[in-house]
Structures are given as C-alpha cells and as structure tokens.
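Residue numbers (our numbering): 22 to 132. Ideal Cβ placement from N, Cα and C applies to all residues, glycine included. Every value quoted in this text rests on a predicted model; they were computed, and no experiment measured them. One structure below.
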C-alpha cells in the first residue's frame, strides 16, 4: 500500500509549478505506468495510470491548498493485483479509510 490519497486528473489538466527538476521517474513490471517521486525527499507525487493512460493519479498531499484530511472517507484498493490483471473482475476495493477530526485537537490548536 502506497499510503497516499490519490485523485484522478486528465494529463492536460496537471501542471507542475515548481520542483520539476527534482522529479524522478520510476517504472516497473510492464513499464506502462510512469511513477514520479521527489528525488530529494522521496514522496510519491503522481503517476500516469496503467489502467487509464490518459490520466494521472495525483497525491493530494502534493496539491497546494489540499490535504488528505479533507476527505472524510477514502476507498482503499487491495493493492496486490492491478485492475487490468484481475481475473473474473470483482472489486479491487478492500475497504474504506475514514477520518473524523478530534475536536479536542482543534481546540488546543486554536487556543
């Protein structure tokens, strides 16, 4: 499991505004998906999808003004088999990750 909340975007809808020179490309297995990481800190930034090559999966933590905590519920893929390789179909969703803010934590942060 990557541990990142990723959202989908069409290839033409993504623009790297700074740090492009620090991106490192990683491919494996079929080589179809192109995964980009920061060569300085190692964070997964985005990838061109194997299942939908006309889209990027983008790490929400790398989008200015967004946070993984902006989502109350996120589907979690089982991560062992790629959707293109699933025999007999079936869902790749293993479950849902749910987030609820701790009200005490907010009070301490603002007080």
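Taking residue 63 as reference, the option from 118, 91 and 40 with the minimal CA-CA separation is 40.
In the DSSP assignment, residue 119 falls within the beta strand (DSSP E) that extends over 114-119.
For residue 30, the uninterrupted beta strand (DSSP E) segment begins and ends at 27-31.
By the C-beta density criterion, residue 116 is exposed, having fewer than 16 other C-beta atoms within 10 angstroms. Here residue 69 is buried, its C-beta having at least 16 other C-beta atoms within 10 Å. Burial check for residue 57: the Cβ neighbour count within 10 Å reaches 16 or more, so the residue is buried. Taking the Cβ atoms as the reference, residue 66 lies roughly 7 Å from residue 44, within the contact range of under 8 Å. Straight-line measurement puts the Cα of residue 71 at about 19 Å from the Cα of residue 109.
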